[in-house]
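Under the working numbering, the first residue of the sequence shown is numbered 3, with each subsequent residue one higher.
Heads up, the thing below is written out as structure tokens.
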Amino acid sequence: MTQREDLALHARRVYEDVIADPVRSARAADDLVRRARGSAHPEALVLALRAAAWARRARLLDGEAKDLLDEAARIARRHRLDHALADVLMTRAAVNQELGRIPAARRDLDHAVPLVAPDRTSDLAFQRAILHHNVGRLTDAARTYRSLLADARTPDRIRVIASNNLAMIDGQRGRHRDAQRLLDRIAPVAAGIGPALVAMIVETRAWVTVQSGQLSEGLRLFEESARAHERAGLPLGEHYVEYADALMDLRLLPEASTAARMAVEVFRSNGVPLMGAEAELRVAQLALLLDDTDGAQQASARAAAEFDRQRRPVWRARAALVQIEARLRAGRVTEADLRASQRICRTLTDAGTWHAAVRAHLTAGRAAADLRRDRTAVRALRRAAELARSQPVLVRLAGHVASALAARLRRHGGDALAHCRRGLADLARHRTALPSAELRALASGHGVELGQIGLEVVVRERAPRSVLDWMERTRAAALLTVEPPADGELEEELAELRAAYDGADTPVTSTNRAAAGTPVTRRAALESRIRRRTWQGRGGAERPAAKIGMGPLRELLGDRVLVEYGRLGGQLMAVVVEPRRSRVVPLGDTEAVTTHVRALRFALRRLTQDRPAEALAAARLSADHRITRLRELTLAPVRVPRDAELVIVPPATLQSIPWSALHDGPVSLAPSALFWARTATATAAGRAGPVVLVEGPALTGAPDEIHRLRGLYPDATTVTPPESTAVEVMRLLDGAGLVHLACHGWLRSDNPLFSSLILSGGPLTAQELVSHGTAPHRMVFASCQSGADVAYAGDEVLGFVSALLARGTAGVVASAAPVPDVAAVELMHALHRCLIAGRTMAHALFEARAGLDRADPASFVNWCTFSAHGAA
Numbered sequence: 003m004t005q006r007e008d009l010a011l012h013a014r015r016v017y018e019d020v021i022a023d024p025v026r027s028a029r030a031a032d033d034l035v036r037r038a039r040g041s042a043h044p045e046a047l048v049l050a051l052r053a054a055a056w057a058r059r060a061r062l063l064d065g066e067a068k069d070l071l072d073e074a075a076r077i078a079r080r081h082r083l084d085h086a087l088a089d090v091l092m093t094r095a096a097v098n099q100e101l102g103r104i105p106a107a108r109r110d111l112d113h114a115v116p117l118v119a120p121d122r123t124s125d126l127a128f129q130r131a132i133l134h135h136n137v138g139r140l141t142d143a144a145r146t147y148r149s150l151l152a153d154a155r156t157p158d159r160i161r162v163i164a165s166n167n168l169a170m171i172d173g174q175r176g177r178h179r180d181a182q183r184l185l186d187r188i189a190p191v192a193a194g195i196g197p198a199l200v201a202m203i204v205e206t207r208a209w210v211t212v213q214s215g216q217l218s219e220g221l222r223l224f225e226e227s228a229r230a231h232e233r234a235g236l237p238l239g240e241h242y243v244e245y246a247d248a249l250m251d252l253r254l255l256p257e258a259s260t261a262a263r264m265a266v267e268v269f270r271s272n273g274v275p276l277m278g279a280e281a282e283l284r285v286a287q288l289a290l291l292l293d294d295t296d297g298a299q300q301a302s303a304r305a306a307a308e309f310d311r312q313r314r315p316v317w318r319a320r321a322a323l324v325q326i327e328a329r330l331r332a333g334r335v336t337e338a339d340l341r342a343s344q345r346i347c348r349t350l351t352d353a354g355t356w357h358a359a360v361r362a363h364l365t366a367g368r369a370a371a372d373l374r375r376d377r378t379a380v381r382a383l384r385r386a387a388e389l390a391r392s393q394p395v396l397v398r399l400a401g402h403v404a405s406a407l408a409a410r411l412r413r414h415g416g417d418a419l420a421h422c423r424r425g426l427a428d429l430a431r432h433r434t435a436l437p438s439a440e441l442r443a444l445a446s447g448h449g450v451e452l453g454q455i456g457l458e459v460v461v462r463e464r465a466p467r468s469v470l471d472w473m474e475r476t477r478a479a480a481l482l483t484v485e486p487p488a489d490g491e492l493e494e495e496l497a498e499l500r501a502a503y504d505g506a507d508t509p510v511t512s513t514n515r516a517a518a519g520t521p522v523t524r525r526a527a528l529e530s531r532i533r534r535r536t537w538q539g540r541g542g543a544e545r546p547a548a549k550i551g552m553g554p555l556r557e558l559l560g561d562r563v564l565v566e567y568g569r570l571g572g573q574l575m576a577v578v579v580e581p582r583r584s585r586v587v588p589l590g591d592t593e594a595v596t597t598h599v600r601a602l603r604f605a606l607r608r609l610t611q612d613r614p615a616e617a618l619a620a621a622r623l624s625a626d627h628r629i630t631r632l633r634e635l636t637l638a639p640v641r642v643p644r645d646a647e648l649v650i651v652p653p654a655t656l657q658s659i660p661w662s663a664l665h666d667g668p669v670s671l672a673p674s675a676l677f678w679a680r681t682a683t684a685t686a687a688g689r690a691g692p693v694v695l696v697e698g699p700a701l702t703g704a705p706d707e708i709h710r711l712r713g714l715y716p717d718a719t720t721v722t723p724p725e726s727t728a729v730e731v732m733r734l735l736d737g738a739g740l741v742h743l744a745c746h747g748w749l750r751s752d753n754p755l756f757s758s759l760i761l762s763g764g765p766l767t768a769q770e771l772v773s774h775g776t777a778p779h780r781m782v783f784a785s786c787q788s789g790a791d792v793a794y795a796g797d798e799v800l801g802f803v804s805a806l807l808a809r810g811t812a813g814v815v816a817s818a819a820p821v822p823d824v825a826a827v828e829l830m831h832a833l834h835r836c837l838i839a840g841r842t843m844a845h846a847l848f849e850a851r852a853g854l855d856r857a858d859p860a861s862f863v864n865w866c867t868f869s870a871h872g873a874a
């Protein structure tokens with residue numbers, strides 16, 4: 003073999019090395035280009051330029067890669083190196099695709115046909131398959147991939163990528179087991195080639211796992227994929243796109259939006275429009291989910307224009323669908339939109355992208371219904387339901403929605419209700435399999451429309467039993483599942499988070515996260531790590547008896563009256579369960595209630611501040627007015643006796659109303675009637691246990707409060723700073739009969755499981771309560787905002803109170819707002835005197851509040867904001 007032939011063979015080997023490990027082999031490729039330029043060996047130079055170009059393409063430097071390939075093509079043509087030119091054209095076709103130049107890529111492949119060497123025909127077929135794949139011709143692409151895999155002569159490199167791409171197509175078409183089998187077979191081959199192909203396989207496995215509905219396992223694999231990309235030195239743009247899909251399905255929408263925007267930035271800054279347009283489409287879809295219809299329109303228009311330029315009709319259809327959905331959401335859908343949606347349905351169905359096709363038919367059905375084209379709407383909705391069968395759970399949910407909407411249009415209320423029941427049952431199974439309280443609460447958002455359609459049907463019947471039963475189906479359902487205790491690594495990370503607060507008195511909040519200094523950013527990073535660990539744990543088990551009938555409920559209530567509120571569209575309603583009858587009461591506009599709640603919270607906040615007397619008087623006047631209006635809007639119409647003991651079950655968005663201030667009798671709150679019934683059963687069973695009194699640090703009134711309570715409970719276990727640490731308090735909570743915590747509290751509306759109680763040496767978070775599963779029989783939080791659970795779509799709540807009730811605590815007293823701590827001492831002392839006398843939390847709080855001087859601003863705030871939860 004001559005030196006010239008040896009250099010050409012070496013160039014081909016370097017190209018294969020670059021495909022396997024582009025970062026490590028990039029320097030060798032550049033060195034080879036320099037050697038080839040000095041050797042007067044045109045073929046070696048052509049092949050070396052091709053290797054160097056592919057190394058740049060792997061780092062998303064497609065512009066530089068194309069320049070090198072253009073030079074290689076000119077040299078090959080000048081020296082009539084036909085086989086080498088064919089190789090260059092095939093490589094340039096791949097780069098042109100990523101640059102969004104689909105026609106140019108097609109021309110390169112056409113020109114390569116008469117030039118390709120007999121032993122390189124598989125490369126040409128492979129590149130044509132990738133072109134078909136990118137433009138959405140999935141059937142043609144899949145046929146070629148299978149042909150290549152069936153041919154024993156196909157090189158391992160092509161075999162790996164063809165298997166990977168075929169798995170993606172199978173995943174899109176719902177054949178997830180076939181996809182996983184392909185990946186299982188090819189993974190060892192990829193490992194034998196190099197880290198770039200390993201990273202690609204792990205990424206696709208994560209994506210297919212998510213598409214199959216195994217969301218938490220998919221997230222774990224995405225974490226593994228990110229590490230594999232980093233080991234291979236590859237950019238994370240495509241990873242961000244597919245990770246955004248997973249986060250979107252889990253309704254982790256802010257995180258998904260961040261990932262999608264990061265992908266857009268990576269591809270835009272590197273000039274890679276093929277994937278950039280796909281990332282922009284995710285940005286549009288997420289804007290729609292976040293109710294930003296203008297943002298969705300703008301992002302989808304950008305994506306559609308780019309897909310048009312790239313001549314990718316299937317992707318163009320997906321972007322156009324988001325535009326129609328945004329107009330539909332804004333109430334601006336037209337006949338032209340309906341015709342366009344019908345064309346999109348055909349395009350996506352023909353392409354076999356079932357998830358997108360179901361969504362398209364559902365959108366077409368909604369558009370037709372909005373335009374009063376009921377027959378057209380029913381046809382589209384039925385087609386959506388047909389395509390959704392046997393698909394993963396989230397696609398099936400869309401099919402259930404379509405079936406329910408079609409039945410409603412045909413005025414078949416019973417059928418609509420049946421489809422809603424089946425959909426919510428599917429959702430319940432999906433939710434139970436999720437490993438964290440946060441993910442389960444978010445998952446309920448997938449069932450909002452099913453819940454509303456079903457509620458509309460049962461409200462028409464005006465049967466209180468049916469309305470209450472339906473409300474309970476979609477009320478705090480995520481709390482019914484309790485995950486297993488935390489593993490050792492999560493325990494260590496929670497301890498690390500507590501240590502990160504040591505000496506700091508300002509926890510991370512949604513407002514200071516970005517601008518904070520190093521200690522806060524470190525805590526934010528720890529919180530992010532803890533959240534991700536909880537996303538990847540094992541699923542929990544739903545407790546039995548997730549339903550209570552009217553008879554057993556009325557028996558537990560005794561003389562109490564239950565008022566469970568619900569929302570249908572923008573209207574508020576209530577089911578009233580009294581000892582001898584039940585009623586459904588329409589109440590009016592929900593927005594009017596939320597407006598007064600916001601104004602009341604603002605007035606109460608002003609009353610806790612050091613302000614001039616006239617400012618405090620104005621705030622008090624506003625608070626009194628808002629309380630009166632809230633009473634008129636929510637309680638007066640239900641016509642319950644003024645002094646009756648009430649059990650109130652508000653919708654999640656109204657749980658922050660100061661219900662105790664609206665009624666002249668004892669009031670207890672619960673996230674659902676079922677949860678209240680469980681606390682009543684636990685109360686009847688009784689549970690002896692020690693009394694625990696905890697004093698937190700740096701709270702002015704806490705030492706006096708705990709000192710006075712020790713006089714009431716001489717046998718109580720008392721912990722004060724510096725012994726009142728989170729670890730010690732968690733130990734004492736387990737098995738306690740009554741716990742009183744006097745400490746600062748911080749609400750985290752951005753992530754309620756990191757709401758915290760400030761103790762000595764660091765905070766106790768709601769996440770720790772959830773992770774440990776500790777639940778005293780009764781709990782009193784003498785701290786700010788400890789009762790302010792955060793609302794999620796689907797009438798879910800998360801926070802300290804809901805975490806305790808889910809774990810078995812039977813009674814809680816807590817405040818839903820900031821409270822003046824010194825003024826709370828008298829209230830807490832009076833509360834415990836009543837508890838010692840045998841009162842329930844609701845009765846004890848009612849009697850203790852009666853002794854407050856409401857003329858004093860601080861006492862008035864405490865009178866308003868403390869509430870009892872549960873039956874104990």
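Using N, Cα and C, we set each Cβ at its ideal position, and we do this for glycine too.
For residue i, the residue or residues it bridges with in DSSP
i	result
LEU695	THR720, HIS742
GLN573	LEU570, ASP591
ARG871	One detail in the question is off: residue 871 reads as His in this sequence, not Arg. Looking at the DSSP assignment, HIS871 forms a beta bridge with LEU671, VAL814.
Burial state of residue i, where buried means 16 or more other Cβ atoms lie within 10 Å
i	result
LYS549	exposed
ARG345	exposed
LEU671	buried
GLN99	buried
ASP507	Since pLDDT at ASP507 reaches only 48, below the 50 mark, its modelled position is unreliable, and no value is offered.
VAL115	exposed
ALA332	exposed
GLY571	exposed
ILE838	exposed
ALA516	Below a pLDDT of 50, predicted positions are generally treated as unreliable, and ALA516, at 46, falls in that range; no measurement from the model is reported.
GLU798	buried
Limits of the alpha helix (DSSP H) - the one that residue i falls within
i	result
ILE104	104-114
TYR503	490-503
ALA839	Element bounds for ALA839: n/a, residue is neither H nor E.
PRO754	Run containing PRO754: none; DSSP gives neither H nor E here.
ALA38	24-41
Straight-line Cα distance separating residue j from residue i
i	j	result
VAL460	ARG467	10 Å
LEU558	ALA873	10 Å
GLU458	GLU616	48 Å
LEU584	PRO673	Correcting the residue type first, residue 584 is Ser in the shown sequence and not Leu. Looking at the two C-alpha atoms, the distance is approximately 20 Å.
ASP855	VAL651	29 Å
PRO546	THR483	Bear in mind that a pLDDT of 45 at PRO546, under 50, signals an unreliable position, so the number given afterwards is only what the model happens to contain. The alpha-carbon atoms of PRO546 and THR483 are separated by roughly 10 Å.
GLY367	ALA387	11 Å
ALA370	ALA286	23 Å
GLU474	ALA193	51 Å
GLU725	PRO765	13 Å
LEU656	THR596	7 Å
GLN769	ARG94	52 Å
Segment limits, beta strand (DSSP E) that includes residue i
i	result
PRO588	584-591
GLU798	798-800
SER758	758-761
TYR794	792-794
Which ranges does the alpha helix (DSSP H) cover as unbroken runs of at least 4 residues, wholly within the region 390-438, from first to last along the chain?
Entirely contained in the region 390-438, the alpha helix (DSSP H) runs reaching 4 residues are, in chain order, 395-411, 415-434.
Run through the region 52-110 for me and flag every whole alpha helix (DSSP H) of 4 or more residues, listed as ranges in chain order.
Scanning the region 52-110 for uninterrupted alpha helix (DSSP H) segments of 4 residues or longer gives 64-80, 84-100, listed from N- to C-terminal end.
Ordered list of alpha helix (DSSP H) runs contained in the region 589-623, each at least 4 residues
Taking 4 residues as the minimum length, the alpha helix (DSSP H) runs contained wholly in the region 589-623 are 592-609, in order along the chain.
List in chain order: all unbroken beta strand (DSSP E) runs of 3+ residues lying wholly within the region 277-326.
Counting whole runs of 3 or more residues, the region 277-326 contains no beta strand (DSSP E) stretch at all.
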